[in-house]
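The structure appears right after this line, and notes come after that.
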Amino acid sequence: MPALNQAALDFLLSRRSRPAKTLARPAPDRAALLTLLTAAARSPDHGKLEPRRFIVLEGAALHRIAGAVEACGARLGKDADAVAKARSAFADSPLCVAVIESPVDSEKVPAIEQTYSAGAVCLALLNAALAAGWGANWLSGWASHDASFRTEALDLAPQERIAGFLHIGTEKSTPPDRPRPDLSAKTTWVEA
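Residue 102 in full-length UniProt numbering sits at position 102 of the sequence shown; the count goes up by one each step and never skips.
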């Protein structure tokens, strides 16, 4: 029988993201954030390619990104409410970590597996922040899928994409939990 880590299992069975709009200062300082980033970097990585990197956005950088989102929304013809919501996610964020998918040419590891690895890093960073007692939310949004935004706002290389924006801070209010999936409808057992 394997050794049970009940505390970790209990955390995973009860974990829940905190909406970005409920997060405020304080946010983790650099030392605390480095611990969270270290935990996230331990995610599965076929071929040890490290096909992801982090961009930590703080203070004025968050306001600059908020402005870039607003400009992107105007260029794409997004409605004012969608632009305001996307803009405030950055302008009001206490701290944001952009997880960047940075694929590596490999004959052995397909690009899609590198994409999955970047997604695993997002979830690991989210869970590390929550386990450390912070409020956290993993978002992407329409601007993150726009090549011009990625280049202008974050200076990404053409092959790089945003796997997620992880907003981290102190939760100021707790909304009710959302309904969870019915596992009997989502699970197939195969015995032969």
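All C-beta atoms in this analysis are idealised placements derived from N, C-alpha and C, irrespective of residue type, glycine included. None of these values were measured; they are calculated from a predicted model.
Proximal residues to residue i (C-beta, below 7 angstroms), its chain only, five neighbours per side dropped
i	result
Ala40	Val121, Ala124, Leu125, Ala128
Leu130	Arg15, Ala136
Residue i at chain B interface by Cβ criterion, 8 angstroms
i	result
Trp134	Among the chains of the structure shown, chain B does not appear; only one protein chain is present.
Among the options, the one whose alpha carbon lies nearest that of residue i
i	options	result
Pro51	Ala84, Val99, Val69, Gly67	Val99
Pro19	Ser117, Ala157, Ala74, Phe165	Phe165
Glu70	Pro181, Gly141, Ser43	Gly141
Arg64	Tyr116, Leu34, Lys78, Glu152	Glu152
Tyr116	Leu34, Ala80, Ile162, Pro2	Ile162
Pro175	Ala80, Leu183, Ser17, Glu160	Ser17
Ala66	Ala84, Asp79, Asn5	Ala84
Close-in-space but distant-in-sequence residues of the same chain around residue i (CB under 8 angstroms, 5 per side omitted)
i	result
Ile55	Val97, Ala98, Ile100, Leu154
Gln159	Ser102, Pro103
Ser173	Thr22
First and last residue of the uninterrupted beta strand (DSSP E) at residue i
i	result
Val83	No beta strand (DSSP E) holds Val83; the alpha helix (DSSP H) holding it covers 80-91.
Arg52	52-57
Thr170	161-171
Leu139	135-139
Beta-carbon proximity of residue i to residue j, cut-off 8 angstroms
i	j	result
Ser93	Leu62	yes
residue 205	Ala32	The structure shown does not extend to residue 205, since the chain is modelled only from 1 to 192, so the question has no answer here.
Leu49	Val109	yes
Ala82	Phe149	no
Ala86	Gly73	yes
Asp146	Leu57	no
Ser106	Gly47	yes
Pro28	Leu36	yes
Own chain, CB closer than 6 angstroms to residue i, minus 5 neighbours either side, in chain order
i	result
Ala112	According to the sequence shown, residue 112 is Ile rather than Ala. Counting only Cβ-Cβ distances below 6 angstroms, and skipping sequence neighbours, we find nothing.
Gln114	Pro51, Pro103
Alpha helix (DSSP H) segment containing residue i, residue limits
i	result
Asn127	111-131
Arg42	Here Arg42 belongs to no alpha helix (DSSP H), and DSSP marks it neither H nor E.
Thr187	It is not in any alpha helix (DSSP H) - Thr187 carries neither H nor E in the DSSP assignment.
Leu12	6-14
Ala27	Counting along the chain, Ala27 falls outside any alpha helix (DSSP H), and DSSP gives it neither H nor E.
* Asked: Does the stretch 130-148 come close enough to the stretch 162-179 that 3 or more CB-CB pairs lie under 8 angstroms?
  -> yes
* To do: Decide yes or no for the touch test of the stretch 19-35 against the stretch 79-95: beta carbon pairs closer than 8 angstroms, at least 3 of them.
  => yes
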